[in-house]
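Chains as they are written, first to last, in the numbering used here: chain A, 40 to 243; chain B, 3 to 218.
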């Protein structure tokens, strides 16, 4: 990394720190790029050399936040016990509990992600390969234990569960539901799908 | 007021003719809606301003506000007419299905076919649907509920025909079908998925969602 790259990286870090603070205290809509620049002690132009838009800053802030969640999950997942449904429910429930700590910011993130443009560095909401990976592994382990039919299409089941997981955030958005209600709903949905992928003998 | 008398005379042919003023108002609304649709598609919801919409429609912002209270009403009006149209297309498609899988797949596909070429507008709607007030209003549109109902009706028919078990949790399952139906739009918006790709994915999703209901 040459000097210029090092400086750019440092600016990027400062912008992200400033933005996270402002988003959490003032709110996403209410924060301007100018305020982010001031708080970070950089020029407005410097913000735009690192990020194409405020939405892109938010996208990166939200991705960085997830590091905490995944550190927690990495500790917890090896100790998960119980059926596939129980384990899947726990993984998703931790996500709900985490994201609903800052519901308005999380919803702003989902909404802003739909302004995503091809070629930008931000990641549209829903591309969460680590969660997908965990869910996939959890079902694959279940298959190894004989809880999941050998012929089950795991990637497809992951897709279906991810759709239910993601759209349950509408409960937080419009029904002021907390993480427990969302987790309970998803558990019923997981159980419903699980009756379809259980080995024939177990389902009878 | 001679023309008013003539109009009332024609009303006896059972079709009530709108007055000239009402007609002009209707045309203004249609012009604003067409301009708004275009701008929401190119600029997104946030990017499109009432000023730009008025300019594109060739009228003052005052004239726009005389017909619509705000931007969100404009957007809701466009969504409502589209959703009503897509809802009837999906219902007709489902009615042609021979099995529950087939009917659901036909309904999904009719939805995706309707919005083909309108993905920028879909993107704007999806973004807006997560905002607090506007999202609630969009979700509460009758056509949205009708789509979930449509899936529920098809599941009920599946039970009647003996394709699905009696205890197939129609409410929860139709909600999941709807979630998956919606979740494919981002794939089309961001991944540029073709109708064929959407259809193949939908077929698989429907199979996974119905799998647990086929066992007695």
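Note that CB positions come from ideal geometry on N, CA and C, so glycine has one too.
A direct Cα-Cα distance of roughly 6 Å separates residue 85 of chain B from residue 145 of chain B.
Residue 75 of chain A and residue 23 of chain B have their C-alpha atoms roughly 51 Å apart. The alpha-carbon separation between residue 117 of chain B and residue 180 of chain B amounts to approximately 16 Å. One thing to note: residue 96 of chain A has its Cβ within 9 Å of the Cβ of residue 72 of chain A. Within chain B, the residues placing a beta-carbon under 7 Å from that of residue 228 of chain A are 174, 178, ordered along the chain. Shown here, residue 51 of chain A sits in a helix according to DSSP, grouped into three states. Look at residue 186 of chain B here: in three-state DSSP terms it is helix.
Counting C-beta pairs closer than 8 Å gives fewer than three between the region 34-51 of chain B and the region 225-233 of chain A, which falls short of the contact rule.
For the 9 Å CB-CB criterion, residue 127 of chain A and residue 89 of chain A do not form a contact. For residue 142 of chain A, the secondary structure class from DSSP, reduced to helix, strand or coil, is helix. Rounded to the nearest angstrom, the gap between the Cα atoms of residue 215 of chain B and residue 137 of chain A is 33 Å. Cβ neighbours of residue 86 of chain A within its own chain (closer than 7 Å, five residues either side excluded): 54, 72, 75, 76. The Cβ of residue 185 of chain B sits closer than 9 Å to at least one Cβ of chain A.
The beta carbon of residue 139 of chain A sits closer than 8 Å to those of 145, 211, 217, 218, 221, all from its chain and outside the five residues before and after it, given in chain order. Inclusion of residue 42 of chain B and residue 32 of chain B in the CB contact set at 9 Å is not warranted, their separation being larger than that value. For residue 199 of chain A, the nearest beta carbon of chain B is closer than 9 Å to its own beta carbon.
For the set B:200, B:52, B:75, B:29, the Cα lying nearest the Cα of residue 114 of chain B is the one of B:200.
Taken through DSSP and simplified to helix, strand or coil, residue 178 of chain B comes out as helix. Residues of the region 133-153 of chain A with a C-beta atom less than 7 Å from some C-beta of chain B are 146, 149, 150, 153, listed in chain order. DSSP places residue 69 of chain A in no alpha helix (DSSP H); its state is neither H nor E.
A direct Cα-Cα distance of roughly 12 Å separates residue 110 of chain A from residue 117 of chain A. Among the CB atoms of chain A, none fall inside 9 Å of the CB of residue 154 of chain B.
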